[in-house]
Amino acid sequence: MKKLNLGVILALTAALTSCSMFKSSSPSQSGSGTPKSAQVQTEQKNKEVYDKANSLTNGWPQASITAAREMVEKHGDPQEVTSEELIWRNVAPFKKIVVHKTVYNHKFPLMHQNALEHVVDYRAPVSKIDDIWRYNGSVVLDRTKGEMSSFSNTEAGNILALNLAHDIMTGKRGADNARVTYGKETLNYLNGNKTAMTQVLTFGGQYETADAGESVTNKIRWQGLEPARRSPAAPQTSTLRQAEEERPKTKR
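Take a look at the structure:
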């Protein structure tokens, strides 16, 4: 019986030793279950992003520095660096992303500084421009370039602003509804409840959006004559004749 017990004890000891060796040879894990090596790599990457953004925005406002960190982490180094801007071009689905040194306060929907700009190609209907102004002053339409841009302090804020602007211009919602929705979605985002409206653009890319406009020579008529057909003397003669006709008549 003693021999049996001794054999069992030896077997259990060998098993425990084997498990201990296996555990020590496996990757060490943190309390969250993430291997320490991966955690170290993540921390190193975050430090590199932090240092890179700080070096690019040295002396800039804090809102610009924070925006730069977010963009470097998401999209890598900017293609262009100036004393006033960091620029990323053709980062799908955006035509351009800009971190600005000069910032402006904006109270809607909550106080923030507009350090970050996202630009997309977009042909906006002229009839909806007033509605966009009523909805959000940080959404800018450039009819000649065929661009729509949004200014905010985060990429999520700009994505949300562009999505709601598109809804207005397609008649899906009005300006007042868009303002309320922007406020609700922003609060949800800050509370950790992220929706598609703040993560991806809900409309596809547009092409040939630039609008060169129309020359005034196609609209203006001078005394019933097209500009190309006017003689050099026509302006003076016509003006003098009109002045004579409009001169008050004096009583004799």
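Residue numbering for the sequence shown is -23 to -1, 1 to 229, as defined by mature numbering (1 follows the signal peptide of the UniProt record, and there is no 0).
We treat Cβ as the ideally placed atom computed from N, Cα and C, and that holds for glycine.
Under the assumption that residue 65 contacts residue 73 (Cβ atoms under 8 angstroms), give the Cβ distance between them as a whole number of angstroms.
-> Right, the Cβ-Cβ distance comes to about 7 angstroms (below 8 angstroms), so this counts as a contact.
What number of angstroms, rounded off, separates the C-alpha of residue 26 from the C-alpha of residue 16?
-> 15 angstroms
Do you know how far the Cα of residue 115 is from the Cα of residue 108?
-> 13 angstroms
Please name the residue, chosen from 139, 54, 172 and 37, that lies closest to residue 94 on a Cα-to-Cα basis.
-> 139
Between which two residues does the alpha helix (DSSP H) containing residue 26 stretch?
-> 13 to 33
Length of the line joining the Cα atoms of residue 85 and residue 113 | 8 angstroms
Beta carbon of residue 90, beta carbon of residue 38: below 9 angstroms?
-> yes
Mind reading off the beta-carbon distance from residue 182 to residue 70? Whole number of angstroms is fine, and I expect it under 8 angstroms.
-> 6 angstroms
Tell me, please, whether the segment 120 to 130 touches the segment 157 to 169 by the rule of three or more beta-carbon pairs shorter than 8 angstroms.
-> With a cut-off of 8 angstroms, the segment 157 to 169 and the segment 120 to 130 do not count as touching, because too few Cβ pairs lie within range.
Consult DSSP for residue 119 and reduce its assignment to one of helix, strand or coil.
-> If DSSP states are grouped into helix, strand and coil, residue 119 belongs with the strands.
What number of angstroms, rounded off, separates the C-alpha of residue 50 from the C-alpha of residue 191?
-> 43 angstroms
Skipping 5 residues on each side, what residues in its chain have a beta carbon closer than 8 angstroms to that of residue 173?
-> 179
Please name the residue, chosen from 96, 119, 98 and 97, that lies closest to residue 106 on a Cα-to-Cα basis.
-> 119
According to DSSP, is residue 178 helix, strand or coil?
-> In this structure, residue 178 counts as coil in the three-state DSSP scheme.
Pick from 98, 151, 62 and 110: whose alpha carbon is nearest that of residue 188?
-> That would be 98, whose Cα lies nearest to the Cα of residue 188.
Just the C-alpha distance for residue 150 and residue 186, rounded to the nearest angstrom, thanks.
-> 23 angstroms
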